[in-house]
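S.K.: Using my numbering, you'd call the opening residue of the sequence shown number -11 and step up by one each time.
Take a look at this one; I'll ask things after.
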Amino acid sequence: MMTAVTEGTGRPEYKKAAAQRRADRADLPGAKAAAEFAASGALDGLFAKIDAGEIELTGDGGFIPGLIKATLERGLQAELTSHLGYEKGAPEASAVPNSRNGTTPKKVATQTGDVDLAIPRDRDGSFTPVLVPKGSRRLSGLDEMIISLYAGGMTVRDIGHHLASTIGTELSHETISNITDAIAEEILEWQARPLDAFYPVVYLDAIGIKHVLGIWIQDNEGAKFWAGVCAELANRGVRDVLIVCCDGLVGLPEAIEATWQHATVQTCVVHLIRASMRFVSYKDRKTVAAALKPIYTASNDKSAREAFGAFQDSVWGKKYPHAVATWDNAWERFIPFLAFPPELRRVIYTTNSIESLNYQLRKVTKNRGHFPNDEAVVKLLWLAICNIEDKRARERAKERGKPAGQRKAAGRLVEGQVVTNWKQALGQLAIAYPDRINTYL
């Protein structure tokens, strides 16, 4: 059975967009030249040998690596000609003090396999190639491929095996590791970048917000750890936060308030619901969840207290005292969002706005097993974030120009994503905190 994979869907607008992308690619100079060459019949003999299995396209001894070799060597010879100032065999060559001096063999790794090059030399050793710089063992593009594979969750050993088995290029584990380490400086710059002085809402959760402020690694999250995170954010420039939405970790509210003393700490309602349902039997969960809903959908804290009392006295409250105790212990940190209108409640009542990012990062890390150090974890997470954003950007680019109702691509996950109903929520924050927010608007 064979399955055909096509671009787009059966809908006319997708077919039209896919056809336009194909036309754009076909109109690029390289694609046009290849098409014209094939149409001329000059490649018929080559195609026949490929069809007969006499010639491989990629890998060791493949046609494409051979074509890359011929192209690079021709370019290197042109570079040397420009450097010397005369063509090979030209009559004026004897009058020039410097001259050609044979070649040096060099193997370089490419995206299509290893290529053995003959690098031209000059007699006085002043020639410095640009196409294949001295000391380089890989062509541009292979490093990007390796970093992309690493960001997708592959280990150094996996990448080495993948390159060897697919394109015939063998790189040491040390080389692959050094390639991925090359972005370490960029990670450090991102992790320590200055932040805005003011954030209306900050969500704290194990593993990121709509604008990710940093990555921190800890075996077990605790109040002391989060206090360090808050202190680092303050040291990087965050002077004021109106509301911090977090889970119910003991000591975390105090750690937040020690950094931003005027911040309102809001316990994530979704975390609170999950915690209260921890010991509820599976067959009762749907009913208990419905019984809890009047508490967190109440119009104000007084109504919420009445709804909580009703739950406490109900058959479910008596059957599951742990659920009652969970809400009772978290009450003072649960009720702040009840003072706000619905648009703002939807923004601050849960940390779920970062759950999508956490889910994506867990997919990358769950199969990696042991990491040699925290730096390796940060490197992988940062590359994964970049990879996620690149994928989403490509999806959005495909839908550019379509009406908003027809766009299905995900928005920015890490930075710049617009929170739903944010303008209305911001207006309500400006009313609630006029002295603290208006100077930043």
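Where is the CB? At the ideal position from N, CA and C, for every residue including glycine.
(1) Residue 93 lies in the beta strand (DSSP E); which residues open and close that run?
(2) Check residue 218 in the structure and name its three-state DSSP category.
(3) Can you confirm whether the segment 319 to 331 touches the segment 250 to 263 when touching is taken to mean that 3 or more C-beta pairs between the two stretches lie within less than 8 Å?
(4) Figure out for me which residue from 233, 370, 415 and 285 has the closest Cα to the Cα of residue 135.
(5) Are the segment 83 to 99 and the segment 136 to 143 in contact at 8 Å, needing three or more beta carbon pairs?
(6) Between the segment 274 to 286 and the segment 239 to 253, are three or more C-beta pairs nearer than 8 Å?
(7) With a CB to CB cut of under 7 Å and the five nearest residues on each side skipped, what residues in its chain are close to residue 84?
(8) Between the segment 219 to 231 and the segment 412 to 424, do at least 3 Cβ pairs fall closer than 8 Å?
(9) What are the boundary residues of the beta strand (DSSP E) that includes residue 389?
(10) Residue 69: which of 27, 28, 117 and 41 sits nearest, CA to CA?
(11) Between the segment 201 to 208 and the segment 360 to 379, are three or more C-beta pairs nearer than 8 Å?
(12) What is the rounded straight-line gap between the Cα of residue 101 and the Cα of residue 137?
(13) Could you name the residues of the same chain whose beta carbon sits closer than 7 Å to that of residue 241, not counting the 5 residues immediately before and after it, in chain order?
(14) If you follow the beta strand (DSSP E) that residue 108 is part of, which residue opens it and which one closes it?
(15) Quick check: the Cα distance between residue 147 and residue 132, rounded to an integer number of angstroms?
(16) Is the distance from the Cβ of residue 243 to the Cβ of residue 292 below 8 Å?
(17) What residue range does the beta strand (DSSP E) around residue 417 cover?
(18) State yes or no: is the C-beta of residue 96 within less than 8 Å of the C-beta of residue 62?
(19) For residue 182 versus residue 224, is the C-beta distance shorter than 8 Å?
(20) Taking the C-alpha atoms as reference points, what is the distance between residue 268 and residue 311?
(21) At the level of alpha carbons, what is the spacing between residue 17 and residue 334?
(22) Give the single residue among 122, 185 and 171 whose Cα lies nearest to the Cα of residue 366.
(23) For residue 65 versus residue 108, is the C-beta distance shorter than 8 Å?
(24) Are residue 129 and residue 48 touching if we call contact CB-CB under 8 Å?
(25) Helix, strand or coil for residue 337 per DSSP?
(26) List the DSSP bridge partners of residue 171.
(27) Give me, in chain order, the residues of the same chain whose beta-carbon lies closer than 7 Å to that of residue 159; leave out the 5 immediate sequence neighbours on both sides.
(28) Which runs of the alpha helix (DSSP H), 4 residues or longer, sit entirely within the segment 306 to 370?
(29) Should residue 114 be labelled buried (16 or more other beta-carbon atoms within 10 Å of its own) or exposed?
(30) Please report how far the alpha carbon of residue 164 lies from the alpha carbon of residue 43, in whole angstroms.
(31) Which residue's Cα is closest to the Cα of residue 376: 213, 287 and 397?
(32) Considering just the uninterrupted stretch of the alpha helix (DSSP H) at residue 276, what are its terminal residues?
(33) On a Cα-Cα basis, can you pick out the residue from 338, 270 and 364 that is closest to residue 308?
M.R.: Reading from the atomic positions:
(1) 88 to 98
(2) helix
(3) yes
(4) 370
(5) no
(6) no
(7) 72, 73 and 74
(8) yes
(9) First-last for residue 389: undefined, no H or E at that position.
(10) 117
(11) The segment 201 to 208 vs the segment 360 to 379: in contact.
(12) 16 Å
(13) 253 and 321
(14) 101 to 110
(15) 12 Å
(16) no
(17) Counting along the chain, residue 417 falls outside any beta strand (DSSP E), though it belongs to the alpha helix (DSSP H) covering 410 to 420.
(18) no
(19) yes
(20) Computed Cα separation, rounded: 8 Å.
(21) 51 Å
(22) 171
(23) Yes; because the gap between Cβ atoms is below 8 Å, this pair is in contact.
(24) no
(25) coil
(26) According to DSSP, which records beta bridges pairwise, residue 171 is partnered with nothing at all.
(27) 97, 148 and 151
(28) With a minimum length of 4 residues, the continuous alpha helix (DSSP H) runs that stay inside the segment 306 to 370 are 309 to 317, 319 to 322, 330 to 336 and 343 to 353.
(29) exposed
(30) 30 Å
(31) Each of 213, 287 and 397 was checked against the Cα of residue 376, and the nearest Cα belongs to 397.
(32) 273 to 284
(33) 270
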